[in-house]
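Heads up, the thing below is written out as structure tokens.
Numbering (the numbering used here), first residue to last: 163 to 556.
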């Protein structure tokens, strides 16, 4: 894909908190698919609107396969994302994707998540106790949201308690963009999880890695599946806890309504999932054949950026999309994707958010931001756009 004019450039610079950037708003109004330059300097199609995103998420002509992975256009330069690009033929890549979902889905089913609820609630209590004990002001991101998300994932996967600090060190080095040390860190991350999977074969427990190993899945594959869950789930849940707390802390009527009725809390969580992020949650995919959508033809081999959060602000799909409304119904947001790319961890993520919001604002009813929303800073230069710090008082 080549152009004779200067393309809009996407960046990994920190976005504004709870607001769509002027660039993304302009692109969404301009076209449902826009040609852009990625942070890696390559050309791509950015999907900006709801209907087109939903259609493309159901289109099997988009996937992880590219005939030349080493030279495939990139969204960002990151070894973990590079590993996900395969030169398998599209049918084989699609089959592998379906098999992967088949392995993981039973471990993250609604029933499995309901069984996990007492553990999730106990972890939330423990993390909140430590958060309160450290005194105020306290950093919600580093002292509550991230430890909570990490502990739940480690419990789910079966990471031993005395190894979780080491895992956190390994994880913290993976999300950087254009980091020359990231290749070695990614290799160490996979090596640790593969070794843990081998230990699970010898001494299984009641956890995802043990069940996969007992099912005959090789240690290398178990480690890769665990890596995918950790990489996809940790920052995503932690950042939504942060942003949801900001939204609830600054919307007291909505907060009180949610705390007073479990059904309203469920609705509030969905609205937080819809409105907390306005772009930047990108799933890079490649066309394995020409795809015509609207007046655009995506050529085979071209990069397509499926942004799960930008279309949640599409006025064609949502009334007043920039308004936070916990009574919004229906609320068919795309934050968890759709079809074969729907997030299998969605039931667990919803449970984590409901549990922490209910507990946090019940125990600390006066919880408030230590800074104005406009002063909050988001990390740049990383795959996940989480807060650098979220200072709170109560």
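Each residue gets a CB set at the ideal place from its N, CA and C atoms; glycine is no exception.
For the set 402, 355, 395, 401, the Cα lying nearest the Cα of residue 380 is the one of 355.
With a cutoff of 9 Å on beta-carbon distance, residue 472 and residue 190 are scored as near each other. No Cβ-Cβ contact shorter than 9 Å links residue 434 with residue 267. Under the DSSP definition of a beta bridge, residue 448 partners with 225, 465.
Within the stretch 345–383, the runs of alpha helix (DSSP H) that reach at least 4 residues and sit entirely inside it are, in chain order, 370–376. Judged by their CB atoms, residue 310 and residue 514 are nearer to each other than the 9 Å cut-off. Residue 257 is classed as exposed because its beta carbon has fewer than 16 other beta carbons within 10 Å across all chains shown. Nearest to residue 285 by alpha-carbon distance, out of 383, 312, 178, 442, is 312. The residue from 537, 540, 536, 528 with its alpha-carbon nearest to that of residue 555 is 528. Boundaries of the beta strand (DSSP E) around residue 197: 195–199. The DSSP-derived three-state label of residue 300 is strand. The residue among 416, 358, 497, 385 with its C-alpha nearest the C-alpha of residue 401 is 497.
Residue 417 is a Cβ neighbour of residue 523, given a cutoff of 9 Å.
In chain order, 282, 283, 286 place their CB closer than 7 Å to the CB of residue 517, counting only its own chain and leaving out the 5 sequence neighbours on each side.
Put simply, the stretch 480–496 does not touch the stretch 225–234. Fewer than three CB pairs are less than 8 Å apart. Going by beta carbons, residue 299 and residue 532 fall inside the 9 Å limit. Per DSSP, reduced to three states, the secondary structure at residue 247 is coil, with no helix or strand assignment.
With distances taken between CA atoms, residue 180 lies nearest to 436 out of 530, 371, 436, 460.
DSSP assignment within the stretch 470–498 yields no whole beta strand (DSSP E) run of 3 residues or more. Within the same chain, and ignoring the five residues on either side of residue 539 in sequence, the residues whose Cβ sits closer than 8 Å to its Cβ are 176, 549, 550, 551.
Taking all protein chains shown into account, residue 489 has fewer than 16 neighbouring C-beta atoms within 10 Å of its C-beta and is therefore exposed. Distances from the CA of residue 394 to each of 369, 345, 363, 503 were compared; the closest alpha carbon is that of 503.
Exposed is the label assigned to residue 260, since fewer than 16 other Cβ atoms lie within 10 Å of its Cβ.
Selection 332, 273, 269, 525 evaluated against residue 318 yields 269 as nearest (Cα-Cα). Looking only at 441, 425, 419, the smallest Cα-Cα distance to residue 184 is reached by 441. Residue 453 is positioned such that its CB atom lies no closer than 9 Å to that of residue 249.
By the neighbour-count definition (other C-beta atoms within 10 Å, threshold 16), residue 246 is an exposed residue.
Per DSSP, the beta bridge partners of residue 209 are 195, 468. Taking each of 352, 306, 343, 305 in turn and checking the Cα distance to residue 328, the smallest one comes out for 352. Between residue 218 and residue 525, the alpha-carbon positions lie close to 43 Å from each other. Burial check for residue 275: the Cβ neighbour count within 10 Å reaches 16 or more, so the residue is buried.
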